[in-house]
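Residue numbers (the UniProt record's numbering): 1 to 156.
Idealized CB from N, CA, C, for every residue including glycine.
Below is one structure; the comments refer to it alone.
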């Protein structure tokens, strides 16, 4: 049976293993300080939130999410990270995490829950296509550490 709950101090090591695997999946590298800072924020549970999924007492899935205002309606909930251990995929862990975040967001008056994934993430998209609507948006990023007004003007 899958159980979902907030992460507690005792989950730090297992959470970090899963979160590092998530970061690796998206071919990113983050400094150790990032893990420390985000863990502290998750424990504070004010700006960003974290839940864990357990099977037989083992932490096998995590999700991180936040609420933000919307210019055209009630607040919305953004599910930023979702990851399950490879050996439990297909057993309902991701679905249970999404459902729990959705219920949490409803309780707080959010109008919708949304997330994004890589177009190539076929495994996750099979689930997402069953439970949510792909509205066709394309995402653009500016890495502000690399941005300057001059460079932005040069590319217009």
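Item to complete: Quick one: grab the DSSP three-state call for residue 21.
Response: helix
Margin query: Below 8 Å on the Cβ atoms is my contact criterion, and I expect residue 79 with residue 100 to pass it. Report the Cβ-Cβ distance as a whole number of Å.
Written below: Not a contact, Cβ separation roughly 10 Å.
*asked:* Classify residue 98: buried if its beta carbon has 16 or more other beta carbons within 10 angstroms, exposed otherwise.
replied: buried
Exercise. Helix, strand or coil: which one does DSSP assign to residue 141?
Worked result: coil
- prompt: Between residue 16 and the rest of its own chain, which residues show a CB-CB distance below 6 Å, the 5 nearest in sequence each way excluded?
  reply: 35
Report the rounded CA-to-CA distance for residue 70 versus residue 86, giving the unit in angstroms. 35 Å
Notebook entry, point to check: Helix, strand or coil: how does DSSP classify residue 157 here?
Noted result: Shown here, the chain extends from 1 to 156; a query on residue 157 therefore has no answer.
(message) Here's the rule I'm using: 16 or more other beta-carbon atoms within 10 Å means buried, otherwise exposed. How should residue 84 be labelled?
(response) buried
If I measure Cβ to Cβ from residue 109 and keep anything under 7 Å in the same chain, skipping five residues before and after, which residues do I get?
74 and 75
Between the C-alpha atoms of residue 107 and residue 142, what's the straight-line distance to the nearest angstrom?
-> 33 Å
* Close-in-space but distant-in-sequence residues of the same chain around residue 118 (CB under 8 Å, 5 per side omitted) -> 26
Practice problem: Kindly indicate which residue of 125, 122, 6 and 130 has the alpha-carbon position closest to the one of residue 61. | Solution: 6
How about residue 115: is its Cβ closer than 7 Å to a heavy atom in the ligand ZN?
Ligands in the displayed structure: none, and consequently the ligand ZN is not present.
**OP:** Figure out for me which residue from 113, 82, 18 and 77 has the closest Cα to the Cα of residue 121.
**Re:** 82
query: In whole angstroms, what separates the C-alpha of residue 4 from that of residue 128?
result: 19 Å
Span separating the alpha-carbon of residue 18 from that of residue 144:
27 Å
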